[in-house]
Amino acid sequence: MKLKHISIQELMASTKIVLGAIFIASFYLSASLAFPPDHHEGAYPVGNAPISSLSPDYYKFTCPQADEIVVSILKKAIAKEPRIAASLLRLLFHDCFGCDASVLLDDTEEFVSEKNAIPNKNSIRGFEVIDEIKAALEEACPHTVSCADTIALAARGSTVLSGGPYWELPLGRRDSKTANMKPANKNLPPPNATLHRLINHTIGKARCVNFKQQLYNQHRDNRPDITLERSFYHTLASACPRTGGDNNIRSLDFASPSKFDNSYYKLILEGKGLLNSDEVLWTGKDPEIAGLVKSYAENEPLFFEHYVNSIIKMGNINPLMGHNGEICKNCLRVNQEV
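Note that the UniProt record's numbering has the sequence shown beginning at 1, numbered continuously upward.
Set out below in structure tokens:
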């Protein structure tokens, strides 16, 4: 993870707030695995973000079967646990202040793992799927596909396998030789963040502890968030009591919780955003962001297009390339120096 602070202006070339709106979104991932043998068939590329010096053809000659390997393992993992698709997409976001796989590294004597950062603890998951994918890639193409690109490929595959858009994925990132927990704590917002801090995301499902404040003490006055739709409030309160139940899980989108679509934005307009970071997209007094929420709720292809443009730009934030970093053989640890 890079020490450099990434401003929202750096993340987007066309508009200052598209990325913030999209990253906050829960990208609802599908349990359906009904894909033809060629998983690209029926999926359509969208978006026109620049790919910098990375290239979709980076492994064309060194590991042409890389994407096929990734998708084959994802299909099995998602069939076993549909929630894992959302977890893998979230893992990409939590790594991408550099997109260097530093989020995967375990503790060592030299550094503390980013997994211990407050926004990551009890939040990011899916490491075992990445490990399985990486092991298969190492067997097929030893010391070729980086852990950073493995995360990126897994995120795209999870999106496509869930009914979302396909995009040409720029590849060629290398892996970090260190982790840094301080930027993870600084740059990743908590789920109760206010609008000015929301340049990142939430995804999939959330534990009750992350939205209890919204239900019972939104403004430190022992009262709920008044913007919550009333029946939705009672539904949440029944699953997440004032005391206890902190680890109970609720879907961020209860309309289509396992499908990649625009239902999330429709629910926000109805006052049914699960987290404060969801609700302030509509109630945060920024007419431009509110306009995007409305546009995405009404126009799913527009949401897909902006999502793809943003995720490509995010993947281009200061990646390690060339002789920088390394290709880790095991994503949990750096290679042993010879």
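We put the CB at the ideal spot given by N, CA and C, even for glycine. All figures in this text were calculated on a predicted structure; none of them were measured in a lab.
- Note: E326 is bridge-paired with D175 in the DSSP secondary-structure output.
- When the beta-carbon positions are compared, L332 and D106 come within less than 8 Å of each other.
- For M314, the enclosing alpha helix (DSSP H) starts and ends at 300 to 315.
- Secondary structure of S231 (DSSP, three-state): helix.
- Annotated three-state conformation of Y166 is strand, per DSSP.
- In the structure shown, S55 adopts extended strand secondary structure according to DSSP, grouped into three states.
- Shown here for S87: same chain residues with a beta carbon closer than 6 Å to its own, the five before and five after excluded, namely R125, G126 in chain order.
- By the Cβ rule, the region 153 to 167 does not count as touching the region 106 to 116, because fewer than three pairs are nearer than 8 Å.
- When beta bridges are read from the DSSP output, L320 appears opposite R174.
- A residue is called buried once 16 or more other Cβ atoms fall within 10 Å of its Cβ, and G244, having fewer, is exposed.
- Counting only runs of 3 or more residues that sit fully inside the region 54 to 85, no beta strand (DSSP E) segment turns up.
- Remark: C-beta atoms of R156 and M321 do not approach each other more closely than 8 Å.
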